[in-house]
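A.B. asks: Residue numbering for the sequence shown follows full-length UniProt numbering, starting at 1 and increasing by one per position.
Here's a structure for you.
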Amino acid sequence: MGFTSLLNSITAYSSSLSAGQLHFILLGSNQSLPILELSSICINLTFLLVFLFLISARQILVCIRRTRFLKEDYVENSSPIRRSISVDGEVQGATVGTGFKFSVFCCFYVLLVQVVVLGFDGFCLIREAVDGKVVDWSVTALPAAQGLAWSMLSFSALHCKFKGLEKFSLLLRVWWVISFGICLCNLYVDGRSFLVDGSNHLTSHVVANFAVTPALAFLCFVGIRGATGIDVYRNPDLREPLLEEEAGCLKVTPYSDAGLFSLAILSWLNPLLSIGAKRPLELKDIPLLAPKDRAKTNYKVLNSNWEKLKDENQSKQPSLAWAILKSFWKEAAGNAVFALLNTIVSYVGPYMISYFVDYLGGKETFPHEGYALAGIFFVSKLVETLTTRHWYLGVDILGMQVRSALTAMVYHKGLKLSSLAKQSHTSGEIVNYMAVDVQRVGDYSWYLHDIWMLPLQIILALAILYKNVGIASIATLVATIVSIIVTVPLAKVQEDYQDKLMTAKDERMRTTSECLRNMRILKLQAWEERYRVKLEEMRNVEFRWLRKALYSQAFITFIFWSSPIFVAAVTFGTSILLGGQLTAGSVLSALATFRILQEPLRNFPDLVSMMAQTKVSLDRISGFLQDEELQEDATIVLPRGMSKVAIEVKDGEFSWDPSSSSRPTLSGIQMKVESRMRVAVCGMVGSGKSSFLSCILGEIPKISGDVRVCGTAAYVSQSAWIQSGNIEENILFGSPMDKAKYKNVIHACSLKKDFELFSHGDQTIIGDRGINLSGGQKQRVQLARALYQDADIYLLDDPFSAVDAHTGSELFKEYIMTALASKTVVFVTHQVEFLPAADLILVLKEGRIIQAGKYDELLQAGTDFNALVSAHHEAIEAMDIPSFSSEDSDENLLLDGPKNTE
Numbered sequence: 001m002g003f004t005s006l007l008n009s010i011t012a013y014s015s016s017l018s019a020g021q022l023h024f025i026l027l028g029s030n031q032s033l034p035i036l037e038l039s040s041i042c043i044n045l046t047f048l049l050v051f052l053f054l055i056s057a058r059q060i061l062v063c064i065r066r067t068r069f070l071k072e073d074y075v076e077n078s079s080p081i082r083r084s085i086s087v088d089g090e091v092q093g094a095t096v097g098t099g100f101k102f103s104v105f106c107c108f109y110v111l112l113v114q115v116v117v118l119g120f121d122g123f124c125l126i127r128e129a130v131d132g133k134v135v136d137w138s139v140t141a142l143p144a145a146q147g148l149a150w151s152m153l154s155f156s157a158l159h160c161k162f163k164g165l166e167k168f169s170l171l172l173r174v175w176w177v178i179s180f181g182i183c184l185c186n187l188y189v190d191g192r193s194f195l196v197d198g199s200n201h202l203t204s205h206v207v208a209n210f211a212v213t214p215a216l217a218f219l220c221f222v223g224i225r226g227a228t229g230i231d232v233y234r235n236p237d238l239r240e241p242l243l244e245e246e247a248g249c250l251k252v253t254p255y256s257d258a259g260l261f262s263l264a265i266l267s268w269l270n271p272l273l274s275i276g277a278k279r280p281l282e283l284k285d286i287p288l289l290a291p292k293d294r295a296k297t298n299y300k301v302l303n304s305n306w307e308k309l310k311d312e313n314q315s316k317q318p319s320l321a322w323a324i325l326k327s328f329w330k331e332a333a334g335n336a337v338f339a340l341l342n343t344i345v346s347y348v349g350p351y352m353i354s355y356f357v358d359y360l361g362g363k364e365t366f367p368h369e370g371y372a373l374a375g376i377f378f379v380s381k382l383v384e385t386l387t388t389r390h391w392y393l394g395v396d397i398l399g400m401q402v403r404s405a406l407t408a409m410v411y412h413k414g415l416k417l418s419s420l421a422k423q424s425h426t427s428g429e430i431v432n433y434m435a436v437d438v439q440r441v442g443d444y445s446w447y448l449h450d451i452w453m454l455p456l457q458i459i460l461a462l463a464i465l466y467k468n469v470g471i472a473s474i475a476t477l478v479a480t481i482v483s484i485i486v487t488v489p490l491a492k493v494q495e496d497y498q499d500k501l502m503t504a505k506d507e508r509m510r511t512t513s514e515c516l517r518n519m520r521i522l523k524l525q526a527w528e529e530r531y532r533v534k535l536e537e538m539r540n541v542e543f544r545w546l547r548k549a550l551y552s553q554a555f556i557t558f559i560f561w562s563s564p565i566f567v568a569a570v571t572f573g574t575s576i577l578l579g580g581q582l583t584a585g586s587v588l589s590a591l592a593t594f595r596i597l598q599e600p601l602r603n604f605p606d607l608v609s610m611m612a613q614t615k616v617s618l619d620r621i622s623g624f625l626q627d628e629e630l631q632e633d634a635t636i637v638l639p640r641g642m643s644k645v646a647i648e649v650k651d652g653e654f655s656w657d658p659s660s661s662s663r664p665t666l667s668g669i670q671m672k673v674e675s676r677m678r679v680a681v682c683g684m685v686g687s688g689k690s691s692f693l694s695c696i697l698g699e700i701p702k703i704s705g706d707v708r709v710c711g712t713a714a715y716v717s718q719s720a721w722i723q724s725g726n727i728e729e730n731i732l733f734g735s736p737m738d739k740a741k742y743k744n745v746i747h748a749c750s751l752k753k754d755f756e757l758f759s760h761g762d763q764t765i766i767g768d769r770g771i772n773l774s775g776g777q778k779q780r781v782q783l784a785r786a787l788y789q790d791a792d793i794y795l796l797d798d799p800f801s802a803v804d805a806h807t808g809s810e811l812f813k814e815y816i817m818t819a820l821a822s823k824t825v826v827f828v829t830h831q832v833e834f835l836p837a838a839d840l841i842l843v844l845k846e847g848r849i850i851q852a853g854k855y856d857e858l859l860q861a862g863t864d865f866n867a868l869v870s871a872h873h874e875a876i877e878a879m880d881i882p883s884f885s886s887e888d889s890d891e892n893l894l895l896d897g898p899k900n901t902e
């Protein structure tokens, strides 16, 4: 075909296009070639040429790179070891996902369809040629070009597996998107001629277009996404667990890297379901969460946004709900897309049902209307089903992320609460925040989109009703608004009842926790009946508020369960009064609309109730998160060995209640303690000795001054803190076992004899908070725990108060003087006999250091320290028995055994 023929063809196309015909007339031919087919041929050949050019260019580059490597080897020639050259970047290992397999399958499926079409067209043309007819071989141009292009590019897609590519090439992706666009254009032209023009002639090209549309649609999505679904790694040995039983806990959920098709049909769950069908699931079968779904990640995101809001809104209370929305808006927006699609397609059935009834009655609007209606019903229901599943899955994931983030925030806040804030929040209240309030906020994700979905559903329903019943649809709107307005005051009442209910629940939990924590005292004092009555009164108060809240919720639910019936009666009654004509199709369509609309109307009371409950929970959590925390700059901690001064306090002034106008707890504190010093702190009861140790730890709010600590610190409180479990677990406290070190710690704390008396030694279960141990034993266990941690600084608050004189002397010698000889020790004590061994003695009175120095220096100075020592000696002389401390009688019985009193 010459240039003149081509020009004539273009001219003919222009004239035919102006006439509305999408055909390209070939000169000298009795057949016509559609313009879309010609465009498709050109595009296929163009991509094929580009692909061949890239292949050629790549081979040239490979040759150049190999030549360069050989040249470098020749020039260097210094090592007998031959290099391992991997020009193409060989992959050591890869995991091929379902998405890649399905992408390759779709490519070869389209190729197979093109080959079948080419064979069918060729067979028909050959048969016509045998019959002596004039044959136009141009009709085979499109399947031939497409078959050639798809064969090359399909093998290129398959080659990604062997190359370990995590992204498809740009050429492939653009090719898939354009092919899908051409297919849609062909479908439009063929469908228009089939439905509008009434053409019943189906060609092989039309059938092929319909056959490859789903595959091309999937490839288009893959092309937009770009990922192949291949997980590449360099050394597969590094990915395999060393122990088979650990393999289960190292797997990440397939949901994190599932392909588009696997996500769409939820096939990523199949491996887990297959295991569950064969045997009960075990913990090792459950994979790990993806990093983005883990509590640590969600906590960081939410906490960061919460801190930003607090900094930006220092003058007013920040909104925790806004912080949650800023943190998880992407997940909520993605879920909103599925909710929107689900809402729209759910009204396709009610809208089209009137057309379907008319068609069954013999009224056909266009050819093949029945097939079109059946296809629309099928597609809409399919989309509704898929979007519903993904909507619910997204809601669960969003709720889980919010719950995990809020739980972590409440937990971390509980660890950082100041001493003043801890007095207003018991452990029972904090447990309530995590178990009740956080759960309620997470459950609100199910109602999140109902706020905007309900108006949208009402608008769609009114549009369908207006089409069916005309002006009577206004009555529907009025009836719906009346049903909603009735519940507005009830929602306020519901919120008030919920607030009172949560307050009563907190009071009951606080009292219950107090009873359980002090059950031993209740039993000894025979106070069980009194506290039982008190708890029952609190339960009755909580029950009364719960009953009121449930009654109000039941009344709201009753109103809205009857709302659809009320709305339908008002609509049809108004239509009859206005003289409207109700056909079978319009009535069925209206009833179907009411059926769909009744669900959101019935859920509206739950939405109102949930909004009220969630607001209360958010306010409670927000108030807790804004409570006062420990001052981060109260103590400056320096790395170990950075300074010879272990503890330094300059012009320190501290108060447990900084907002109070009363005298500070500690004032004028000036102290410098060098490394390896033993500092004793003494004074009368209430002089501030324990608060002095707290100021070093940063536990007491600092008003002014500086506190510097070099290295790590271990603290032993005056009242022993013991966790449930055995003695060994209490001493190790999560640290790894070191037998030699553990043995030395046991000896230094004088616990060896106690272990010999116990039936199971250090494996003895000590009960809740050490209830099976005496006071002296609990004190020595926590001393052993502190010593095992091998800290740089030890702060001991009256460690000898719970042990007898003999045990106290042994502890001072073995623990402080020997085991802690290389450590910095600050200890509070009332035992004057231990003071001469101290390198520095601090005497406190009314929160101030009134004397500081060594034992002899302070005695010579007289004043308060001399009076303290004299009072101690006078107390001993006034007693007929030797100085004896208050170790519990339980321990004495264990050590000495029962005595015969006869």
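From the three backbone atoms N, C-alpha and C, an ideal C-beta is built for every residue, glycine too.
Quick caveat: nothing in here was measured; it's all calculated off a predicted structure.
In chain order, which continuous runs of the alpha helix (DSSP H) of length 4 or greater are located wholly inside the stretch 405 to 453?
C.D. replies: Fully enclosed alpha helix (DSSP H) runs of 4 or longer: 419 to 422, 427 to 432 and 438 to 443.
A.B. asks: Quick check: the Cα distance between R520 and N726, rounded to an integer number of angstroms?
C.D. replies: Here residue 520 corresponds to residue number 520 of the sequence shown, with the count starting at 1. Here residue 726 corresponds to residue number 726 of the sequence shown, with the count starting at 1. C-alpha separation (whole angstroms): 20 angstroms.
A.B. asks: Would you call the stretch 108 to 127 and the stretch 207 to 217 touching, i.e. three or more CB-CB distances under 8 angstroms?
C.D. replies: With a cut-off of 8 angstroms, the stretch 207 to 217 and the stretch 108 to 127 count as touching, because enough Cβ pairs lie within range.
A.B. asks: List the whole-angstrom C-beta distance separating E728 from D762, where the pair is believed to meet the contact cut-off of C-beta under 8 angstroms.
C.D. replies: To locate residue 728, count along the sequence shown from 1; it is residue 728. To locate residue 762, count along the sequence shown from 1; it is residue 762. Between D762 and E728 the Cβ distance is about 4 angstroms, and since that is below 8 angstroms, they are a contact.
A.B. asks: Who are the near neighbours of S56 in its chain, counting only those whose CB is closer than 8 angstroms to its CB and skipping five residues on each side?
C.D. replies: Reading the sequence shown from its first residue, position 56 is the one you call residue 56. Here S56 scores only 43 on pLDDT, less than 50, and its place in the model is too uncertain to base an answer on.
A.B. asks: In its own chain, which residues sit with a C-beta less than 6 angstroms from the C-beta of F865, not counting the 5 before and 5 after it?
C.D. replies: Here residue 865 is taken as the residue at index 865 of the sequence shown, counted from 1. Within the same chain, F865 has close Cβ partners V843, Q851 and L858.
A.B. asks: Counting C-beta neighbours from all protein chains within 10 Å, is the total for A339 16 or more, i.e. buried, or is it exposed?
C.D. replies: Here residue 339 refers to the residue found at position 339 when the sequence shown is read from its first residue. By the 10 Å Cβ count, A339 comes out buried.
A.B. asks: Taking L462 as the reference, give the member of V478, P658 and P143 with the closest Cα.
C.D. replies: For the purposes of this step, residue 462 is identified with residue 462 of the sequence shown, where counting begins at 1. Of the candidates V478, P658 and P143, the one whose C-alpha sits nearest the C-alpha of L462 is V478.
A.B. asks: Which residue from D131, S735 and L158 puts its Cα closest to that of F105?
C.D. replies: Along the sequence shown, one-based indexing puts residue 105 at 105. Nearest C-alpha to F105: L158.
A.B. asks: Taking all protein chains shown into account, do 16 or more other C-beta atoms lie within 10 angstroms of the C-beta of N305, making it buried, or fewer, making it exposed?
C.D. replies: Residue numbering aside, residue 305 sits at position 305 when the sequence shown is read from its first letter. Burial call: buried.
A.B. asks: Using the C-alpha atoms, what's the distance from T343 back to P350?
C.D. replies: By one-based count along the sequence shown, residue 350 stands at place 350. By one-based count along the sequence shown, residue 343 stands at place 343. Going by the C-alpha atoms only, they are around 12 angstroms apart.
A.B. asks: Would you call D131 buried or exposed, if buried means 16 or more other Cβ atoms sit within 10 Å of its Cβ?
C.D. replies: Counting from 1 along the sequence shown, the entry for residue 131 is found at position 131. With fewer than 16 other Cβ atoms within 10 Å, it is exposed.
A.B. asks: DSSP three-state call for S78: helix, strand or coil?
C.D. replies: Here residue 78 is taken as the residue at index 78 of the sequence shown, counted from 1. Because S78 sits at a pLDDT of 37, beneath the cut-off of 50, its placement in the model cannot be relied upon, and the following sentence gives the value as read from the coordinates. S78: coil per DSSP, three-state reduction.
A.B. asks: Hey, how far is the Cα of T571 from the Cα of Q581?
C.D. replies: If you number the sequence shown from 1, residue 571 lands on position 571. If you number the sequence shown from 1, residue 581 lands on position 581. Spanning the two alpha carbons is a distance of roughly 13 angstroms.
A.B. asks: Roughly how many angstroms lie between the CA atoms of T385 and V616, to the nearest whole one?
C.D. replies: For the purposes of this step, residue 385 is taken as residue 385 along the sequence shown, with counting starting at 1. For the purposes of this step, residue 616 is taken as residue 616 along the sequence shown, with counting starting at 1. If I take the Cα positions, the gap works out to 35 angstroms.
A.B. asks: Does the count of Cβ pairs from the stretch 627 to 637 and the stretch 415 to 432 closer than 8 angstroms reach three?
C.D. replies: Enough Cβ pairs lie closer than 8 angstroms, so yes.
A.B. asks: Could you say which of T503, E628, S822 and I324 lies nearest to S445 if we only look at CA atoms?
C.D. replies: Translated into positions along the sequence shown, residue 445 becomes position 445. With distances taken between Cα atoms, S445 lies closest to I324.
A.B. asks: Quick check: what's the CA-CA separation for G375 versus W322?
C.D. replies: Taking the sequence shown and counting its residues from 1, one reaches residue 375 at position 375. Taking the sequence shown and counting its residues from 1, one reaches residue 322 at position 322. Roughly 43 angstroms separates the two Cα atoms.
A.B. asks: How about K778 and A821: do their beta carbons lie closer than 8 angstroms?
C.D. replies: Here residue 778 corresponds to residue number 778 of the sequence shown, with the count starting at 1. Here residue 821 corresponds to residue number 821 of the sequence shown, with the count starting at 1. Cβ atoms of K778 and A821: not closer than 8 angstroms.
A.B. asks: Pull up the distance between the alpha-carbon of D706 and that of Y788, whole angstroms please.
C.D. replies: On the sequence shown, residue 706 is found 706 positions in, with the first residue counted as 1. On the sequence shown, residue 788 is found 788 positions in, with the first residue counted as 1. Roughly 30 angstroms between the two C-alpha positions.
A.B. asks: If you reduce the DSSP assignment to three classes, tell me which class N726 lands in.
C.D. replies: In the sequence shown, counting from the first residue as 1, residue 726 sits at position 726. Note: N726 maps to strand in three-state DSSP.
A.B. asks: Are Q287 and K251 closer than 8 angstroms when you measure CB to CB?
C.D. replies: In the sequence shown, counting from the first residue as 1, residue 287 sits at position 287. In the sequence shown, counting from the first residue as 1, residue 251 sits at position 251. Rather than Gln, the amino acid found at residue 287 in this sequence is Pro. Their beta carbons are under 8 angstroms apart, which means P287 touches K251 by this criterion.
A.B. asks: For Y347, which of helix, strand or coil comes out of DSSP?
C.D. replies: For the purposes of this step, residue 347 is identified with residue 347 of the sequence shown, where counting begins at 1. Three-state result, Y347: coil.
A.B. asks: Does D311 come out as helix, strand or coil in the three-state DSSP assignment?
C.D. replies: Indexing the sequence shown from 1 puts residue 311 at position 311. D311 falls in the helix class under three-state DSSP.
A.B. asks: From what residue to what residue does the alpha helix (DSSP H) around F572 run?
C.D. replies: What you label residue 572 is simply residue 572 of the sequence shown in a count that begins at 1. It spans S563 to L577 - the alpha helix (DSSP H) in which F572 sits, taken as one unbroken run.
A.B. asks: Would you mind sorting P455 into buried or exposed? The rule is 16 or more other CB atoms within 10 Å of its CB.
C.D. replies: Here residue 455 corresponds to residue number 455 of the sequence shown, with the count starting at 1. Result: exposed.
A.B. asks: If V567 sits next to T480, beta carbons under 8 angstroms apart, how far is it from one beta carbon to the other, in whole angstroms?
C.D. replies: Mapped onto the sequence shown, residue 567 falls at position 567. Mapped onto the sequence shown, residue 480 falls at position 480. Confirmed, Cβ separation roughly 6 angstroms.
A.B. asks: Do you know how far the Cα of L216 is from the Cα of C183?
C.D. replies: As a working note, residue 183 is residue 183 in the sequence shown. As a working note, residue 216 is residue 216 in the sequence shown. Answer to the nearest angstrom: the Cα atoms are 8 angstroms apart.
A.B. asks: Which residue or residues does DSSP assign as beta-bridge partners of R678?
C.D. replies: To locate residue 678, count along the sequence shown from 1; it is residue 678. Looking at the DSSP assignment, R678 forms a beta bridge with V825.
A.B. asks: Check whether the stretch 463 to 471 touches the stretch 585 to 602, counting contact only when three or more Cβ pairs, one atom from each stretch, lie closer than 8 angstroms.
C.D. replies: These segments touch.
A.B. asks: Inspect the CB distances between the stretch 397 to 405 and the stretch 294 to 309 and report whether three or more fall short of 8 angstroms.
C.D. replies: Segments in contact, yes.
A.B. asks: Kindly indicate which residue of D790, L219 and H830 has the alpha-carbon position closest to the one of F800.
C.D. replies: Numbered from 1 along the sequence shown, position 800 holds the residue referred to as residue 800. Ranking D790, L219 and H830 by Cα distance to F800 puts H830 first.
A.B. asks: In angstroms, rounded to a whole number, what distance separates the CA positions of L289 and A421?
C.D. replies: Start at 1 with the first residue of the sequence shown, and residue 289 comes out as number 289. Start at 1 with the first residue of the sequence shown, and residue 421 comes out as number 421. Going by the C-alpha atoms only, they are around 35 angstroms apart.
A.B. asks: What's the C-alpha gap between I793 and T712?
C.D. replies: Counting from one through the sequence shown, the residue named residue 793 turns up at place 793. Counting from one through the sequence shown, the residue named residue 712 turns up at place 712. Roughly 6 angstroms between the two C-alpha positions.
A.B. asks: Going by C-alpha to C-alpha distance, which of D293, A475 and L341 sits closest to L577?
C.D. replies: For the purposes of this step, residue 577 is taken as residue 577 along the sequence shown, with counting starting at 1. Measuring from the Cα of L577, the nearest candidate turns out to be A475.
A.B. asks: In its own chain, which residues sit with a C-beta less than 7 angstroms from the C-beta of P143, not counting the 5 before and 5 after it?
C.D. replies: Your numbering for residue 143 matches position 143 in the sequence shown. Excluding positions up to five away in sequence, the list reads Q114, V117, L118 and D121.
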